[in-house]
Structure formats: C-alpha cells, structure tokens
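Following: one structure in structure tokens, then a few remarks.
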Ligand code: SF4
Ligand SMILES: [Zn+2]
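In our numbering, the protein residues as written are 915 to 1257.
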C-alpha cells in the first residue's frame, strides 16, 4: 500500500457509520438533462448500499460518499424496498440516472438478481438508463445480462477516470486503477454498444490551479475518441477525506469557476462531438468550486446552461472584478509552492 492509500485508510479508522434504515433510499428527484440532443426530464435515483468496495479498503483522496453508506451488506429484500419507494415518485421519465455512491455493477453492493429486477422494470418505460461503475466490474458476463434486458434501448456506464495521467491518479487521488484499465473497460462496453460517460476531476490535491486546468484539457484530448460524454466534477470538500484534512490546514482550495469555464470552453473546442457537461456539487460555497461571492451565482447558472445547450456562447457575458485575481493566481501560484492558497 502506498503512502496516500495508507493516509486515506487511516483517516477512516475512527469513522462510525450513521445508523440508517437499509430499506430507505438516499434520495430521488427529477431534473433536466440531454437525451438524443433534446432537453428532457431525467429521473435521478440514489440508492443506499454497503458502500464502494474501494472506499471500504482505503478510498479516493477526495471522496466522502462513504459518509452516507451503510458499511454492511444490505439484503436483496431491502434493496427492492428501496426501489419500490423511489418508483412511487417515478413519473415515467424517459431518462433514468442511477447512483449508488459506488459501483452499480459491483455484486457486493447490488446483487445481480436485484440489478436485473431494477433494470427490467425501468426499461419498460425509459429509453435510457445510466449507472456508474469502477472499471473492474465492467465484465463481459455482467454486460451480456444487461444487453438481454436492454436490447436496442440505451444503457450508459459512467466511469470515474478523473484524469488520463496515471501518476496523478495513483499518487494524488489513490484511485486504484490505471488508464489502461479504463480503456479496457471502454472497449468491453463498446462491444455491447453501450454508452460511456467519463468523469474528469477538476482540481485534484497537490496541483496548482493552472496545472489542474491543463490536466483536465489534456485528459479530454486523450479520451475524446473513447468516450461519448465527459462529465467534469470539480472537487467538493467532503468530511473525513484527505482533501478535507488539508483544506482545514489551509493547504487546499477548490477550483475557481473561472477555471471551470476555461476548461469547458477548451474541451468543447478539442472535442466538439463529445457531450461535455459539468455538475458542480456545493458550487459557490467555501467547500465547493467558487469565485468571489458576487459572481458565483451567475457562473453556476451559465455552466448549467452550457451543460444543456453545449453552446460556449453561454459564457460570453461573464465578467467580474475577481477575474484579475484569478489571472494573477495562474501566473504566480507555481512560484509560491502552495503558500498562496488563500489568494
Ligand atoms: S470516487 Fe468512486 S471509486 Fe473512489 S472511493 Fe468514491 S465511490 Fe469509490
Ligand atoms: Zn467574482
């Protein structure tokens, strides 16, 4: 185990999972998203599971999803109860997005029996269902079962690659897999004609703002012929994570919204045929991506609009006095060896 893996594991040593009802889902709601180039209502389901198997071993340096996981096996009966509860709110949306704060294809989180039941029911009404998984669970036998259910309908798998750079992924993020593992999973899922969404992280630990912008854009360049969608996730500082540990010691700041706009603009130019989006959790807050307080709202609004329209003109009228401060930071941050974090 390398040092960052040990740190991530040690930070969870005294963590006590909350007492939660295993039959109750985390949440569900309806929101706008793109389906075949049109803005539609999408139904979002967040299931409660035992948690991401990787997080239970050590976990990624920025991920605090485990805070809401159960940390013990949930029975198939309870998982089905969770599904029945969310289906009471399902209004037949054509696009359904499933999250487990881990991997939907990991048998330890969701058994194949439950997975089949959920997908078979959703495919009756939805045209597209999207799930998330680490690459090691993207296996032929699992995909073949899903293909039998989906036939010609669209099934999408989201993989948290975070960066195409193996050094950053291993030593800054403790992600536990290589770029080649992602490429192998991408090849397997393409064989079944499934769609690939790739999550790319903005502002990993130990990187300056400028390095993080460059890394995100380089990543898009490397995956533009592999993925159908790039979904950027700016780091949101979550409890009991290494990011949180360093942030409390003033050694980390979430990314600027100016940087995100720059990344989105450049990415669309680099990969015009890839659907590029960005969901900013905790945006505008001190723990999420933010600029100065005055312009955050406007930026978040324009970034959401871009995610639906794919039109970089959405960013045309963005202005604020903090632009100069951000620009100065990009110019001098590397000279300060991290000491300029509060600029
Ligand atoms: S980011 Fe994904 S793989 Fe990493 S610990 Fe969180 S849920 Fe698991
Ligand atoms: Zn501002």
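Beta carbons are placed, not taken as given, at the ideal position from N, Cα and C, and that holds for glycine.
In whole angstroms, what separates the C-alpha of residue i from that of residue j?
| i | j | result |
| --- | --- | --- |
| residue 1065 | residue 1165 | 49 Å |
| residue 1221 | residue 1115 | 16 Å |
| residue 1144 | residue 1167 | 23 Å |
| residue 1000 | residue 1109 | 24 Å |
| residue 1257 | residue 1024 | Annotation note: pLDDT 46 at residue 1257 (below 50); position unreliable, coordinate value reported separately. Spanning the two alpha carbons is a distance of roughly 44 Å. |
| residue 923 | residue 1022 | 20 Å |
| residue 934 | residue 993 | 13 Å |
| residue 1209 | residue 947 | 24 Å |
| residue 1234 | residue 1100 | 40 Å |
| residue 1190 | residue 1014 | 22 Å |
| residue 1034 | residue 1239 | 52 Å |
| residue 1056 | residue 1019 | 7 Å |
| residue 965 | residue 1016 | 6 Å |
| residue 1204 | residue 1029 | 37 Å |
| residue 942 | residue 1049 | 25 Å |
| residue 1243 | residue 970 | 37 Å |
| residue 1070 | residue 951 | 15 Å |
| residue 1179 | residue 1226 | 6 Å |
| residue 1211 | residue 1054 | 44 Å |
| residue 1009 | residue 954 | 8 Å |
| residue 1061 | residue 1092 | 26 Å |
| residue 916 | residue 1011 | 34 Å |
| residue 1151 | residue 1142 | 28 Å |
| residue 1245 | residue 937 | 52 Å |
| residue 991 | residue 1215 | 41 Å |
| residue 1161 | residue 1063 | 45 Å |
Out of the options, state which residue places its alpha-carbon closest to the alpha-carbon of residue i.
| i | options | result |
| --- | --- | --- |
| residue 1176 | 1146, 923 and 1200 | 1146 |
| residue 1181 | 1002, 1130, 1017 and 985 | 1130 |
| residue 1031 | 995, 921 and 1113 | 995 |
| residue 1067 | 943, 1040 and 1195 | 1040 |
| residue 879 | 978, 956, 970 and 1015 | Given that the chain is displayed from residue 915 to residue 1257, the structure contains no residue 879 and the question cannot be resolved. |
| residue 1213 | 1150, 938, 1172 and 1161 | 1172 |
| residue 928 | 1020, 967, 1225 and 1155 | 1155 |
| residue 1137 | 932, 1060, 1185 and 1062 | 1185 |
| residue 939 | 985, 959 and 952 | 959 |
| residue 1047 | 967, 998, 1081 and 991 | 967 |
| residue 1158 | 1207, 977, 945 and 931 | 977 |
| residue 930 | 961, 937, 936 and 980 | 980 |
| residue 926 | 1153, 1160, 1082 and 1095 | 1153 |
| residue 998 | 1183, 961 and 1228 | 961 |
For residue i, is the beta carbon positioned less than 7 Å from some heavy atom of ligand 3?
| i | result |
| --- | --- |
| residue 1231 | This structure simply doesn't include ligand 3; it includes ligand 1 and ligand 2 instead. |
Under the DSSP definition of a beta bridge, which residues are partnered with residue i?
| i | result |
| --- | --- |
| residue 1049 | According to DSSP, residue 1049 bridges with nothing at all. |
| residue 1060 | None; residue 1060 has no bridge partner. |
| residue 1069 | 1043 |
| residue 943 | 958 |
| residue 948 | 953 |
| residue 1125 | Paired residues: none, contrary to the question. |
| residue 1076 | 1114 |
| residue 1012 | 959 |
| residue 1143 | 1111 and 1189 |
For residue i and residue j, which I take to be in contact (beta-carbon distance under 8 Å), what is that distance rounded to the nearest angstrom?
| i | j | result |
| --- | --- | --- |
| residue 1045 | residue 1037 | Rounded, the Cβ-Cβ distance is 13 Å, inconsistent with contact. |
| residue 983 | residue 963 | 6 Å |
| residue 1169 | residue 1126 | 6 Å |
| residue 1089 | residue 1076 | 6 Å |
| residue 1103 | residue 1052 | 6 Å |
| residue 1149 | residue 1111 | Not really, about 18 Å apart at Cβ, beyond 8 Å. |
| residue 1247 | residue 1123 | 6 Å |
| residue 1087 | residue 972 | In fact, because the Cβ distance is near 11 Å, the residues do not count as touching under 8 Å. |
| residue 1078 | residue 1132 | 7 Å |
| residue 1106 | residue 1073 | Contact flag wrong, Cβ pair sits at about 15 Å. |
| residue 1005 | residue 1058 | Rounded, the Cβ-Cβ distance is 31 Å, inconsistent with contact. |
| residue 1236 | residue 1192 | Wrong, their Cβ atoms sit about 19 Å apart, outside the cutoff. |
| residue 918 | residue 1085 | 6 Å |
ask   = Which ranges would you report for the beta strand (DSSP E) in the region 1182 to 1236 if only whole runs of at least 3 residues count?
value = 1189 to 1192
request  = Tell me the start and end of each unbroken beta strand (DSSP E) in the region 1078 to 1140 that is at least 3 residues and wholly inside, in chain order.
outcome  = 1109 to 1116
task = Let me know the alpha helix (DSSP H) ranges lying completely inside the region 1145 to 1183, each 4 residues or longer, listed in chain order.
result = 1156 to 1162
inquiry  = Please give the ranges of any alpha helix (DSSP H) in the region 979 to 1038, keeping only runs that are unbroken, at least 4 residues long and fully inside the region.
reply    = 990 to 1001 and 1026 to 1037
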